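The structure under discussion appears below in the form of structure tokens.
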Amino acid sequence: MSILLDNIWFKYPIDGKWVIKGVSHEIRDRVVEVILGPNGSGKTTLLKIAGLIYKPLKGKVIAWGHDFWRLKNSAAVAIRRKIVYVHEKPILLKGSVFHNIAYGLYLRNYGFNEVKTLVDRVLREYNLLYLRDKDSRSLSAGEAQIVSILRAIVLEPEILLLDEPLAHLDIDKRRIVVEAIKSLRRNGSGIVIATHDMYLVERLAEDIYMLKNGVLTRISKEELIKLL
Ligand SMILES: Nc1ncnc2c1ncn2[C@@H]1O[C@H](COP(=O)(O)OP(=O)(O)O)[C@@H](O)[C@H]1O
Ligand SMILES: [Mg+2]
266 MSILLDNIWF KYPIDGKWVI KGVSHEIRDR VVEVILGPNG SGKTTLLKIA
316 GLIYKPLKGK VIAWGHDFWR LKNSAAVAIR RKIVYVHEKP ILLKGSVFHN
366 IAYGLYLRNY GFNEVKTLVD RVLREYNLLY LRDKDSRSLS AGEAQIVSIL
416 RAIVLEPEIL LLDEPLAHLD IDKRRIVVEA IKSLRRNGSG IVIATHDMYL
466 VERLAEDIYM LKNGVLTRIS KEELIKLL
């Protein structure tokens, strides 16, 4: 068991309307699930709750067996490291692509040689070594997005949450994302993708959910086809 959402309710302070209404859901290892839903249906909000970023107003987030929002700081930090949320809009650090992909590894106390090996390996694997020494500010939107995804992949998180990962990507980079997700899944991670893009559903989705008006419902591929 990794992340269990138990009857989660959430609203933003200013608006006052419930955005997430009683969602219960388990994120499982070795499964790629896709959460679909119209703009504004709460996909990003739900991912940030599952990603231990937003605290729900009601309900519990059980993370690896612990009631997360009742943990002490040090225990919470260790648990947060198991799960990585990739923003829809890439937020890169100043400096090179290498530095951006390396940063999370340094935070996890990897040594310099190991970091170099891991970063170069992931760049080589996806034919992106040409980006290695570029300044993050000089990247195209698609390049920045793929770097933000590789930065998460290199950490091999137990759970990876991807928010609209394909928004700026051309077909080659879409394939890279699909390959990277498959490889992570083979290694045992659970992956949740929030999107309204059918490309990932067709290629990767093992479970499909629909989020509408704050309510999450599982749907079959057959039901999805009827909705299109
Ligand atoms: N920071 C915020 N403050 C207030 N309302 C927000 C905020 N972020 C999102 N919302 C509102 O919450 C609802 C769900 O948004 P979001 O989770 O971003 O949906 P989605 O990712 O499915 O497009 C929308 O009505 C949106 O306007
Ligand atoms: Mg969103």
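Be aware that the sequence shown starts at 266, since it is given in the numbering used here, and climbs by one per residue. Ideal Cβ positions, reconstructed from N, Cα and C, are used throughout, including at glycine. All values derive from a computational prediction rather than experimental measurement.
| Item | Value |
| --- | --- |
| F275: first and last residue of the uninterrupted beta strand (DSSP E) it sits in | 268-275 |
| Secondary structure of A459, DSSP reduced to three states | strand |
| Segments assigned alpha helix (DSSP H), at least 4 residues, entirely inside the segment 341-401 | 362-372, 377-390 |
| P355 burial status per 10 Å Cβ neighbour count (16 or more: buried) | buried |
| Same chain, Cβ closer than 8 Å to P303, five either side skipped, listed in chain order | H461, K477 |
| Per DSSP, cross-strand counterpart(s) of D428 | A459 |
| beta-carbon T460 near ligand 1 non-hydrogen atom, thresh 6 Å | no |
| Local conformation of L481 per DSSP, three classes | strand |
| Which residues DSSP lists as bridging H433, in chain order | According to DSSP, H433 bridges with nothing at all. |
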